[in-house]
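Colleague: Note that our numbering has the sequence shown beginning at 15, numbered continuously upward.
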Amino acid sequence: MATKEYEDIEELARKARLGDREAFSKIVRLMMSRTVALTYRMTGDSDIAMDLAQDSFVAAWEKLSAFRGEAKFTSWLHQIAVNKCLNYLNQASTRLNRSWDESNLDTHESAPSTSDPERTRQINLLREGVLRFMGTLPAMQRAVFELRFYQGMSFGEIARKLSKAEGTVKTHYRQAVQKLRRMATEKGWVS
């Protein structure tokens with residue numbers, strides 16, 4: 015997301031905290047696809063991802079007065095979405111070993127922009143592989159991998175957000191990366 019968009023969202027969040035529903039509606043329009051992408055990567059189910067994203071926005075609206083502005087609004091919203099996913103995953107099972115519906119591998123983000131069809135095919139195969147990989151991870155490893163790999167958070171930030179020790183977070187991430195390396199080797203993604 016461009017810096018200007020982040021600034022716009024922060025200003026919209028300030029207005030929404032003052033009760034401006036239209037400002038919050040604009041936040042929803044700006045952030046929905048990214049929030050759905052996050053919840054989809056964590057759940058692997060497009061319907062559940064959409065529900066969890068919507069639940070995240072409802073919770074954000076309801077808790078908006080509690081938002082103190084110490085972090086960026088986008089980070090706060092993503093944390094709500096991660097928590098919604100963790101709650102869902104923990105309720106469903108501590109380990110998600112279900113098979114993912116091959117027809118549901120859409121990441122809800124735009125397709126890669128390239129004029130080379132072979133490159134596009136390779137990118138799509140890799141994207142599908144990463145989604146399948148995430149489906150093999152236990153809920154906590156999946157959350158840590160999502161926050162570190164996709165959101166670019168530091169281990170300290172992840173530890174605070176998930177209320178875990180930093181060493182525990184690093185262990186979860188290391189285990190997820192080791193699994194990804196094994197899968198990549200097995201699938202021939204790397205030599």
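Every residue gets a Cβ at the ideal spot worked out from N, C-alpha and C, and that includes glycine.
The model shown is predicted, which means the values in this text are computed figures rather than measured ones.
Taking the CB atoms as reference points, tell me whether residue 91 and residue 56 lie closer together than 9 angstroms.
Modeller: no
Colleague: Tell me which residues share the same chain as residue 164 and place their Cβ nearer than 6 angstroms to its Cβ, disregarding the 5 neighbours each side in the sequence.
Modeller: none
Colleague: When the Cβ atoms of the region 134 to 147 are set against those of the region 78 to 97, are three or more pairs found closer than 8 angstroms?
Modeller: no
Colleague: Buried or exposed: where does residue 98 fall if 16 or more other Cβ atoms within 10 Å of its Cβ makes it buried?
Modeller: buried
Colleague: Within 10 angstroms of the Cβ of residue 42, are there 16 or more other Cβ atoms? Answer buried if so, exposed if not.
Modeller: buried
Colleague: Note down, in chain order, each residue of its chain lying with its Cβ closer than 6 angstroms to the Cβ of residue 24, except the 5 sequence neighbours on either side.
Modeller: 87
Colleague: Since residue 152 is in the alpha helix (DSSP H), which residue starts that stretch and which ends it?
Modeller: No alpha helix (DSSP H) contains residue 152, which DSSP labels as neither H nor E.
Colleague: Could you give the distance in angstroms between the alpha-carbon of residue 28 and the alpha-carbon of residue 76?
Modeller: 15 angstroms
Colleague: Out of curiosity, what's the CA-to-CA distance linking residue 131 and residue 174?
Modeller: 42 angstroms
Colleague: Can you give the Cα-Cα distance for residue 192 and residue 156, rounded to whole angstroms?
Modeller: 13 angstroms
Colleague: Please report how far the alpha carbon of residue 59 lies from the alpha carbon of residue 70, in whole angstroms.
Modeller: Between residue 59 and residue 70, the C-alpha separation is close to 16 angstroms.
Colleague: Look at residue 53 and residue 37 and say whether their C-beta atoms are less than 9 angstroms apart.
Modeller: No.
Colleague: Quick check on residue 66: does DSSP put it in helix, strand or coil?
Modeller: helix
Colleague: Excluding sequence positions up to five away, which residues of its chain have a Cβ less than 8 angstroms from the Cβ of residue 158?
Modeller: Excluding positions up to five away in sequence, the list reads 172, 176, 183, 186, 187 and 190.
Colleague: Do residue 100 and residue 154 have their CB atoms nearer than 9 angstroms?
Modeller: yes
Colleague: Our contact map puts residue 79 next to residue 31 with C-beta atoms below 8 angstroms; I'd like the distance itself, whole angstroms only.
Modeller: 7 angstroms
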